[in-house]
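Worksheet: one structure, shown below.
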């Protein structure tokens, strides 16, 4: 295994950060008054998700569309770049150190997240990470439509995206980090898995499936 390629896949929200970055980004971009008013408008969809009546993806798209539909792509991308400094204040020191350890060891590090790529990628680049697999917004004629151009990168979609972006599974050793049920499929797919919680980072049982 010493000569085998090593890849470390990190979830973002709750794993590399202490909390969900979507509400923080909305508040940063739109301001607190509009953020709070928008939460009231979107409350039925958020409640329906909590009750299991609609999917994570549908609730998230409803929230995203309310705040960002019609925004120029250039403005959205710039907000993502500026938000990187806020992410630094949200980062968990323990998982950030784990990420840096992988980079120091020469491992390829990939962030696999349900959040939007435009506000993860600038932070990732500043930390030496070039690979970000995330949910991406649909853009038409330079403006956000409020929809997503990719499936929500959550649950089994994380494994699907990782498979598409990496060599055959048998050719590398995968270490994965996640904090929620949305990361279960990714952790099960890895050779070495770590569950992140407010209590720290805990290694979980290896349940790797190296199907190509």
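Residue numbers (my numbering): 8 to 219. Here a beta-carbon is modelled for each residue, glycine too, at the ideal position from N, C-alpha and C.
List the DSSP bridge partners of residue i.
i	result
residue 115	14
residue 188	Looking at the DSSP assignment, residue 188 forms no beta bridge with any residue, so it has no partner.
residue 44	The partner list for residue 44 (beta bridge, DSSP) is empty, contrary to what the question assumes.
residue 179	12
residue 24	98
residue 79	150
Decide if residue i is buried, meaning its Cβ has at least 16 other Cβ atoms within 10 Å, or exposed.
i	result
residue 132	exposed
residue 67	buried
residue 205	exposed
residue 156	exposed
residue 58	exposed
residue 111	exposed
residue 136	buried
Terminal residues of the continuous beta strand (DSSP E) containing residue i?
i	result
residue 211	207 to 211
residue 202	199 to 204
Taking the continuous alpha helix (DSSP H) assigned at residue i, which residues delimit it?
i	result
residue 98	Per DSSP, residue 98 belongs to no alpha helix (DSSP H) and is neither H nor E.
residue 30	28 to 37
residue 72	63 to 75
What ranges does the beta strand (DSSP E) occupy inside the segment 119 to 167, keeping only unbroken runs of at least 3 residues that lie completely in it?
138 to 142, 144 to 147 and 150 to 155
Count the CB pairs spanning the segment 188 to 196 and the segment 24 to 38 that are closer than 8 Å, and state whether there are at least three.
no
On the three-pair Cβ rule with 8 Å, is the segment 27 to 42 touching the segment 60 to 80?
yes
Would you be able to state if there are at least three C-beta pairs under 8 Å between the segment 91 to 100 and the segment 139 to 153?
no
On the three-pair Cβ rule with 8 Å, is the segment 35 to 44 touching the segment 82 to 94?
yes
Taking one C-beta from the segment 107 to 122 and one from the segment 8 to 20 each time, how about it: are there three or more such pairs within less than 8 Å?
yes
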